[in-house]
Structures are given as structure tokens and as C-alpha cells.
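Undergrad: As numbered in the numbering used here, residues 320 to 1028 make up the first sequence, in order. We put the beta carbon where it would ideally sit given N, CA and C, even for glycine. Would you mind keeping the following structure in view while I ask a few things?
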Amino acid sequence: MLRLPVRAVAGASTTIEHVFVSESSTSAEVSPTLEGLNPRQRAAVEHTGSPLVIVAGAGTGKTRTLAARVAHMLDQGVDPERILLLTFSRRAAREMIVRVGAATDRRDASRVWGGTFHAIGNRLLRVHGELVGLSPSFTVLDQGDARDLFALVRSECVNGMGARRFPRADTIATIYSRLVNAQISLDDVLADHFPWCAEHADALKDVFRAYTARKRTVHVLDYDDLLLFWRALIRSPEAGPRLRKRFDHVLVDEYQDTNRVQADIVAELVEPERHVTVVGDDAQAIYGFRAATVDNLRNISNTWPDATIVTLDQNYRSTTPILSAANDLLRLSPKALPKELWSERHGSTVPMLVACADEGAQSGWVADRVLAMREQGVDLRDQAILFRTSHHSDHLELELTRRDIPYVKFGGLKFLEAAHVKDLIGLLRILENPHDEIAWSRVLGSLEGVGPATTRRVLDGVGVGSGQPGDPLARFLAGDVKLPGGAETDVALLRDVLGDCVGGGPDFGVRAQIERLRSFCEAVFPRRYSNSDARLADLDQLAVTAGGHPGREQFLTSLVLDPPERTGDFAGPPHLDDEYLTLSTIHSAKGLEWRAVTVIHAADGNIPSDMALNEPDGLDEELRLLYVALTRAKDYAHVTWPLRFHVRRFARDDRHLYAQLSRFIEPIRKRFDEIATQSEPIGMVEHAPQLAGPTLTDEVDSLLDGLLS
DNA sequence: AATATCCGTATTTTT
DNA sequence: TACGGATATT
């Protein structure tokens, strides 16, 4: 019998599931589906009939219960393909399905439909989208693409009117997404979240209309569309009845982080039988910025008055000292429902609060501690460093590299956002959807001597963006569009490689296509980028990844909906059995756990982020964020904060201020053992003398700066 | 019409 | 820094 190692639960690797899905299904032991569950968990697993709501605090075995419930359904003979499991991330879906497989003898657990709302929406729209007027070969815009399209229509709309100061494309995209996901009027969105844009309400409406219209003519959907069209599909007389019959059971994880549209989808999809399970914890709602609303969970009885509610509050993850700190923290929230997690794990190690002289000392302490814990038998893979924003780990990453401590970072900049990756993806997208104006613009703009005006001319020539019938790619390949002299050889090459991919036949898969398209990149990159060799090497990496997908469409979709989490430098992902430390934003750490967790940069202004303070629920959400961070820890929790805070308003600006401890930690200090680092941390001096402690001048300067601010 | 250059300013979390 | 926007140059 194969026991699922703890590592597979906490581990971030995306390759683990293959191992366990296949092996666990051969297990001959008695079905452990119900084994080891507490009475409430068991009740949740076996519940039938009315809608089920599981209110599950952090570490209370939520994943386990949900997985057992699915396994139980399979044991009862439910067809796995008729179970839909909606999770918050792809990672969570994978883990859940692995667990289902481990908990049942049914070999076909992996056929359960599992994924994010966006991924499942995409899947259903590929099949049924034509019923609501969608081209089956639509491409999906990521956030950057959506911003580019907004920039395009913005310039077209704003030209007409007096060019007063107008919100930037980024801001417009954010407003739009909030409008769509929260399903409230533009005036309300502007009043609540973007008051400085209120005077432009009318012009914004024009931009939004133009944006929507353009998306339709170029056959693209953005993230929000995947949800909107899915809901529209359920509501349509043609597809609705079929969709509602498609699944026998629908289960939704992390329900507290769903938005209005997602809640609509669930509620309407499960009619009329309402075989639905939602799981959530209002104390862990951290996606308000994305228009998620805890009201979906708190007011669940409005949706299903007869819902059965099961509350899980026994924590199996953390020791009591850690839970005491977390419980105290949550009590500081005026809005949180009273919640007291308890545990039978009476550990004696109290969380540690570490005041560091400065950021250098913090990095030094963390690295020391990580190594010390490792000596005590806590593997690097059982340790994580968490932070509020991605760049908070910059300094620490240098220190870890210097000391040869391997790590993997989650959250922050995505591989997909690198310019050269977008270049290649643009080429693939043209092949997939020849109407994709954003992809065309990107590719044409990379040619020598071709700017916005020429791009526009070419697009009009081949009929992209204007809704012309026929195939723009065929017209482009036919070659009757003229381009400036400087671009001639590049254009010829572009025609060649695209033509080869179109006519390549069935053996010419994504990987082969990328390898062919690469020769165009080879020609263009040296002029575009200073480090074109490194960038070309990335494309090879991409080709390998693409080879693992069944086709071009699946590859493109998975890049947008489930992008690689780390920037792809030459190193490549660490090997499965390699030891590595996890660095992660708190958001990306959701649902995961480690034996030792260190939250760094816990200074006020970072946690809570001072940027969140404008939002109505902002401060409270920041508190929940810290709560999520602390409750990731099983045995050891550390919180560190640098006393001296580097103010980097501008690059050259070398000032620093005295930071204050997070306002959330201050009132619960008694739950921590406090220590302070020396200003010159051990191990730092010989390697990095420039990181030595503050001089007297620094001290005086920063004191003065502090008085001025 | 494209590109080079300079200036000012932003600042987070992710499907 | 790094990116967008405006202005100057090719």
C-alpha cells in the first residue's frame, strides 16, 4: 500500500501527480475513504440531498474532506465524468484529484472534471460556444493582451474628444474587470474604487463599448468573458438544459473567493437537483481586489434556504501556540465572524518575532534559520518564506543564491509576460486564430521599419479587425500587401515560416511549429533585444513544454490560464527529488502548508500594504492575508521585520526610515518569543561587507527623514 | 512615419 | 529601475 507522503500534500511541484494517480489506483487495501475522518467530516462526506455548505477553518482537513466526498461518490457508482470540481487554481485541482485517487479503489478518478472556473469555462465554450455565437477557434487574452487592446481602442476613442487627462489603459482595464465581475454599474464602481476617474464616466463607456465590439470582431475572449459566456450559455434556451444535465455533482472549493458571476454560474448550473457542495472560510477571503465577495458564502442561505451547513473547526495542521496567535489575530478584525480553531497538537514551540536591524540582517537571519532548521531535520521542502509582494524577496534571493540554498519562487512576474515569449506566442496565435488583431500587431510591429501606421495599413489590407469575411492569413500569405523596404527580407521569412506551419500537415505539431517559427525570431531578435541568445534559448524551453500538449490550441490556452509560475531562466525547474526552499507571495501560498513558515517584511506599510487602505474592506483583507500566512505553518512560525526600512521611491534614492511593526502583530506580541538580530549578522560580513550595519550618519539622516515625512 | 531621446512618475495581490 | 508620453531627429 502506498502511503501518500506529506510532501505530496505540501509540495508545489507540478509533476508529482502522475506518480500517485497511477500507483494509488492499484492499491488493494480496503477503501480508506471514510477512514480517519472525524464525525463532522464524515457527515459532510456522506451527506446527500440538500445543498451542502462546509465552513472549514484553516487546516481543518477541508481538502481531505472534499476529496473524500468525491471518492465516496465514486464508490457509490457516480460516473467521474459527471462530477465537476471547481477549484481556485490549477494546482489545487491537481492535488485534489490526486487525493481522490488515493482515497478510492476506482481507477478512473482522474476523469473527474477538475479545474478553475476559467479553465472549465474555456473547455465548455470550445464545445458549446457556437450556440451563443462564438467562433470555436477563439483565442484567450491574458491581462497584458487585454491592456494592449484597451490601449488601442483608447487611442481611437480619445482622439475624437479633447485630449484631457484620461485614465491609462491599465486603469481602464481594472475598472472594466471590476465592473464585470462585481456586476455593478459603472457609476458605482467609479464612486467606490476610482473616484478620480468619475468625470470620465461617459468617455469610459465609449471605450468599453469599443473594446467589447473589437473583441467580437477579432474572435478573442478575455478572462472575464470566459465567465460571462459560460453564464450566458447556462441561461440560453439552446444550451442551458443540456449544460444543467451535464453534471450530477458540482463541488466548489474556496467559495469565499468567488465573485458574483461565479456564484451565478454555480447556482444556475446545479438546478434543479442542486447536488452542490461549496467549501469556504470567510476568514481566508483575500481576493476582494478581484471583485470576490465573502457575501457569497455568508449569505448562502439566500441562494439555498435549505442548505445543510457543516462547520469544521478542529485544526490538524498547526500546534496550539501557532493557533493561539492566529486566533488572537482574527479577533482584531471587526468584521470576521467569531472563530476559534483548536488542535490536539500541543506543541511547545512558540512563534518567533524577529526584529532585524535592516533588510540585510533580515535576509541573513532567514538564511541562517533555514539552514539551522535543516540541520534539525526539517527539509528545505518543508520550509517556506512568505511575503506580501513579489519584490519583497529580492534581497533574500540574492542572499540565498550567495549561500547556495536552492529555492523556487511562486507568484510575481510570469514567464509569459517576457517580451520575447509574447513574440513567439503571437506567431502561434495568428496560426490558431487569424483574426487575432493583438497577435498580428505584435508580430508586425517587430519588423524593421514598421510602426503603428504601417501595421494599421497591413491589417486593413488583409482584413483584420474590420470583420471582413475570409481568412486574413491566407491573404497575407498571398503576399499582395506592400511593406517598407527595410522589412522586405523579414517579411519574406515571416511568410515562409507561417506558410510552412499552415501547410505542415498532421505530423507538424506545436513543437515542430515552434521550432520553425524560431528561425523568424532568430532574424528579428538581435535587433530587438540585447541578449537575444538567452531569449532564443527560452524559446527552446517553450518548445519542449509545448511538446507535452496535445495540440496548439491546448498549449496556448494552458499558457494563458495556467502559466508557468516561475521565470524560466537557464536553470530550469529543480529536479523532483532535489531539495528546495519555497518562496511565495501569501496569495500564492493559499491552501498550502509547510512545517516551518517565515513571514518576512512584517512592517506596517507592507502588511498591511498601505496601498490597500483606500479600499473600503482593504484593511480587513490585509489582516486576513496575515491570518492565511500564519495558518500555513505546522510546527514553526516566524515573523521578521526590518527596523530600518529602505525607501526606494526612486532608484537612486538611498534613504531609509524607521519602520514600525505591523499594526496586526503589535497587539498580539505576547503570543511570540521576541528576539533581535545584531546589525551585522553572522555570515554576512565576509561575503558582503557592503551590507554591514548602519553608520551613525545613516542613523541621524534617517531620524531627520522620519521627522519630515 | 519611424525611431531616438528625454522627462516625469509610479509604487500589490491573480484567473 | 522601467515604462509611458511628449518632443526632436532621421
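1. Taking the alpha-carbon of Asn621 as reference, which of Glu934, Val372, Leu938 and Tyr977 has the nearest alpha-carbon?
2. Tell me whether the beta-carbon of Asp572 lies closer than 7 Å to the beta-carbon of Thr406.
3. Just how far apart, CA to CA, sit Gln979 and Leu705?
4. With distances taken Cα to Cα, identify the nearest neighbour of Leu911 among Asp394, Glu365 and Ala412.
5. How about Ala915 and Val697: do their beta carbons lie closer than 7 Å?
6. If we ignore side chains and look at the alpha-carbon of each, how far apart do Arg830 and Ile605 end up?
7. Using CA coordinates, which residue listed in Leu880, Ser765, Glu751 and Gly770 is at the minimum distance from Val821?
8. Provide the residue(s) that pair with Lys658 in DSSP beta bridges, ordered along the chain.
9. Which first and last residues belong to the beta strand (DSSP E) in which Gln702 is found?
10. In whole angstroms, give me the CA-to-CA distance for Pro825 and His868.
11. Is it buried or exposed, Leu656, if we count other Cβ atoms within 10 angstroms and call 16 or more buried?
12. For Leu453, which residues in the same chain have their Cβ closer than 7 Å to its Cβ, ignoring the five residues on either side in sequence?
13. Which runs of the alpha helix (DSSP H), 4 residues or longer, sit entirely within the stretch 736-810?
14. Quick check: the stretch 419-434 against the stretch 589-598, are at least 3 beta-carbon pairs closer than 8 Å?
15. Evaluate Trp759 with the Cβ neighbour count: other Cβ atoms within 10 Å of its Cβ, from every protein chain shown; 16 or more gives buried, anything less gives exposed.
16. Among Thr379, Arg963, Tyr946 and Val947, which has the Cα closest to the Cα of Val629?
17. Below 8 Å on the Cβ atoms is my guess for His957 versus Arg707; work out the distance and round it to an integer in Å.
18. Roughly how far, in whole angstroms, is the beta-carbon of Leu631 from the beta-carbon of Arg951, given that I think they are within contact range, below 8 Å?
19. Name the DSSP beta bridge partners of Asn578, please?
20. Can you check which of these residues, Arg722, Arg814 and Pro399, is closest to Asp687 by C-alpha distance?
21. Out of curiosity, what's the CA-to-CA distance linking Ile580 and Gly434?
22. Just to confirm my understanding: we take Asp398, look at its own chain, exclude 5 residues before and 5 after, and list those with CB closer than 8 Å. What are they?
23. Find the nearest neighbour of Glu414 within the set Gly782, Ala387 and Ala488, judged by alpha-carbon distance.
24. Could you have a look at Ile416 and say whether DSSP puts it in helix, strand or coil?
25. In this structure, what does DSSP give as the bridge partners for Pro961?
26. Assign Arg425 to one of two classes, buried (16 or more other C-beta atoms within 10 Å of its C-beta) or exposed (fewer than that).
27. Helix, strand or coil, according to DSSP, for Asp461 in the structure here?
28. Alpha carbon to alpha carbon, how far is Glu518 from Ser504?
29. Can you check DSSP and say which residues form a bridge with Asp992?
30. Apart from the five residues on each side of it in sequence, which residues of its chain come closer than 7 Å, Cβ to Cβ, to Arg761?
31. Mind checking whether Lys909 and Val598 have CB atoms under 7 Å apart?
32. Tell me which residue opens and which closes the alpha helix (DSSP H) that Ser496 is part of.
33. In whole angstroms, what separates the C-alpha of Ser555 from that of Thr627?
34. Cα separation between Asp525 and Arg466?
35. Taking 8 Å as the limit between beta carbons, can you name the residues of its chain near Ser928, skipping five residues before and five after?
36. Buried or exposed: Gln265, going by 16 or more other Cβ atoms within 10 Å of its Cβ?
TA: According to the structure data:
1. Here residue 621 refers to the residue found at position 302 of the first sequence. Checking every option, the nearest Cα to that of Asn621 belongs to Val372.
2. Taking the first residue of the first sequence as position 1, residue 572 is located at position 253. Taking the first residue of the first sequence as position 1, residue 406 is located at position 87. Cβ atoms of Asp572 and Thr406: closer than 7 Å.
3. Looking up residue 979 in the first sequence gives position 660. Looking up residue 705 in the first sequence gives position 386. Roughly 19 Å between the two C-alpha positions.
4. Your numbering for residue 911 matches position 592 in the first sequence. Checking every option, the nearest Cα to that of Leu911 belongs to Ala412.
5. Locating residue 915 in the first sequence gives position 596, counting from the first residue. Locating residue 697 in the first sequence gives position 378, counting from the first residue. Their beta carbons are under 7 Å apart, which means Ala915 touches Val697 by this criterion.
6. One-based indexing of the first sequence puts residue 830 at position 511. One-based indexing of the first sequence puts residue 605 at position 286. Their Cα atoms are separated by approximately 38 Å.
7. The residue labelled residue 821 in the question sits at position 502 within the first sequence. Nearest option by C-alpha distance: Glu751.
8. To locate residue 658, count along the first sequence from 1; it is residue 339. Beta-bridge pairing links Lys658 to no other residue.
9. Within the first sequence, numbered from 1, the residue matching residue 702 stands at position 383. Here the beta strand (DSSP E) through Gln702 covers Gln702 to Phe706.
10. Counting from 1 along the first sequence, the entry for residue 825 is found at position 506. Counting from 1 along the first sequence, the entry for residue 868 is found at position 549. Roughly 15 Å between the two C-alpha positions.
11. Your numbering for residue 656 matches position 337 in the first sequence. By the 10 Å Cβ count, Leu656 comes out exposed.
12. By 1-based counting over the first sequence, the position of residue 453 is 134. These residues qualify, in order along the chain: Leu444 and Phe548.
13. 738-751, 756-764, 771-781 and 791-797
14. no
15. In the first sequence, counting from the first residue as 1, residue 759 sits at position 440. It counts as buried.
16. Start at 1 with the first residue of the first sequence, and residue 629 comes out as number 310. Nearest of Thr379, Arg963, Tyr946 and Val947 to Val629, Cα basis: Thr379.
17. Residue 957 sits at position 638 when you count from the first residue of the first sequence. Residue 707 sits at position 388 when you count from the first residue of the first sequence. 15 Å between Cβ atoms; not a contact.
18. Here residue 631 refers to the residue found at position 312 when the first sequence is read from its first residue. Here residue 951 refers to the residue found at position 632 when the first sequence is read from its first residue. Between Arg951 and Leu631 the Cβ distance is about 17 Å, and since that is not below 8 Å, they are no contact.
19. As a first step, residue 578 must be located in the first sequence, where it is residue number 259. Beta-bridge pairing links Asn578 to Ala611.
20. By 1-based counting over the first sequence, the position of residue 687 is 368. If we check each option's Cα against that of Asp687, Arg722 comes out closest.
21. Looking up residue 580 in the first sequence gives position 261. Looking up residue 434 in the first sequence gives position 115. The residue you asked about is not Ile; residue 580 is Val in the sequence shown. C-alpha separation (whole angstroms): 17 Å.
22. One-based indexing of the first sequence puts residue 398 at position 79. Closer than 8 Å at Cβ, skipping near neighbours: Asp567.
23. Against the first sequence, residue 414 aligns to sequence position 95. When only C-alpha atoms are compared, the closest one is Ala387.
24. As a working mapping, residue 416 is identified with position 97 in the first sequence. Here Ile416 sits in helix by DSSP.
25. As a first step, residue 961 must be located in the first sequence, where it is residue number 642. Answer by DSSP bridge pairing, in chain order: Cys675.
26. Position 106 of the first sequence holds residue 425. Buried: at least 16 other Cβ atoms inside 10 Å.
27. As a position in the first sequence, residue 461 is number 142, starting the count at 1. Asp461: coil per DSSP, three-state reduction.
28. The sequence position of residue 518 within the first sequence is 199, counting from 1. The sequence position of residue 504 within the first sequence is 185, counting from 1. In a straight line, the C-alpha of Glu518 is about 15 Å away from that of Ser504.
29. Position 673 of the first sequence holds residue 992. Asp992 is bridged to Met671.
30. Translated into positions along the first sequence, residue 761 becomes position 442. Excluding positions up to five away in sequence, the list reads Lys741, Asp742 and Gly745.
31. In the first sequence, the residue the question calls residue 909 occupies position 590. In the first sequence, the residue the question calls residue 598 occupies position 279. No, these two residues do not count as a Cβ contact at 7 Å.
32. By one-based count along the first sequence, residue 496 stands at place 177. Its alpha helix (DSSP H) spans residues Ala488 to Ala501.
33. Mapped onto the first sequence, residue 555 falls at position 236. Mapped onto the first sequence, residue 627 falls at position 308. When rounded, the distance between both Cα atoms is 30 Å.
34. For the purposes of this step, residue 525 is taken as the residue at position 206 of the first sequence. For the purposes of this step, residue 466 is taken as the residue at position 147 of the first sequence. Rounded to whole angstroms, Asp525 to Arg466 spans 16 Å at the Cα level.
35. Position 609 of the first sequence holds residue 928. Result list for Ser928: Arg707, Thr708 and Glu941, in chain order.
36. The structure shown has nothing for residue 265, since the chain only spans 320 to 1028.
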